[in-house]
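Counting from 119, one number per residue, gives the positions in the sequence shown under our numbering.
In what follows, a single structure is set out as structure tokens and then discussed.
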Amino acid sequence: MAKWIKITECENIPSMGSRVVQYGDIEIAIFKTRDDSIFAINNECPHKQGKLSEGLVHESVVTCPMHNWDIDLASGEVLGNDSGCTNVYESKIEAGIFYINI
Ligand code: FES
Numbered sequence: 119m120a121k122w123i124k125i126t127e128c129e130n131i132p133s134m135g136s137r138v139v140q141y142g143d144i145e146i147a148i149f150k151t152r153d154d155s156i157f158a159i160n161n162e163c164p165h166k167q168g169k170l171s172e173g174l175v176h177e178s179v180v181t182c183p184m185h186n187w188d189i190d191l192a193s194g195e196v197l198g199n200d201s202g203c204t205n206v207y208e209s210k211i212e213a214g215i216f217y218i219n220i
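Set out below in structure tokens:
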């Protein structure tokens with residue numbers, strides 16, 4: 119069953135940057151890309167738990183600040199020669215407000 123939670127106004131998320139949301143024990147990184155797409159993904163790299171929110175955003179990818187693995191923001195999949203996956207969250211925008219489905 120869907121449980122949508124309000125995160126913030128989309129304008130509060132910096133372009134090419136992130137915000138971090140705590141939901142219980144889960145830390146979620148919210149990213150906005152150059153084309154204003156917004157993604158919600160666990161704030162934990164599948165390699166050694168680097169904080170993805172501190173990574174570099176390019177296209178729809180974040181590069182982990184720890185060892186430079188590239189993570190696809192839409193799927194949570196590690197790109198390139200490395201492998202792994204982190205959780206992503208379904209999201210929607212209504213009236214300029216960003217929501218995620220927990
Ligand atoms: S912890 Fe992210 S690449 Fe190593």
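Glycine included, every Cβ here is placed at the ideal spot set by N, Cα and C.
Computed from a prediction, not measured in an experiment: that's the story for all the values here.
- With respect to the 7 Å criterion, Ala158 and Ser193 are not classified as neighbours on the basis of their beta carbons.
- The three-state reading of DSSP puts Ser155 in coil, since its state is none of H, G, I, E or B.
- Counting along the chain, Asn219 sits inside the beta strand (DSSP E) bounded by residues 215-219.
- Checking the 6 Å criterion, the Cβ of Cys163 is within range of a heavy atom belonging to ligand 1.
- Around the beta carbon of Cys203, a 10 Å sphere encloses fewer than 16 other beta carbons of the protein chains shown; the residue is thus reported as exposed.
- Excluding residues up to 5 positions away in sequence, Ser178 lie with their Cβ nearer than 7 Å to the Cβ of Ser155 in the same chain.
- For the set Trp122, Cys128, Met119, the Cα lying nearest the Cα of Ala213 is the one of Cys128.
- Taking each of Ile146, Gly142, Ser133 in turn and checking the Cα distance to Asn205, the smallest one comes out for Ile146.
- The continuous beta strand (DSSP E) containing His176 extends over residues 174-176.
- For Lys166, the Cβ falls inside the 6 Å cut-off from some heavy atom of ligand 1.
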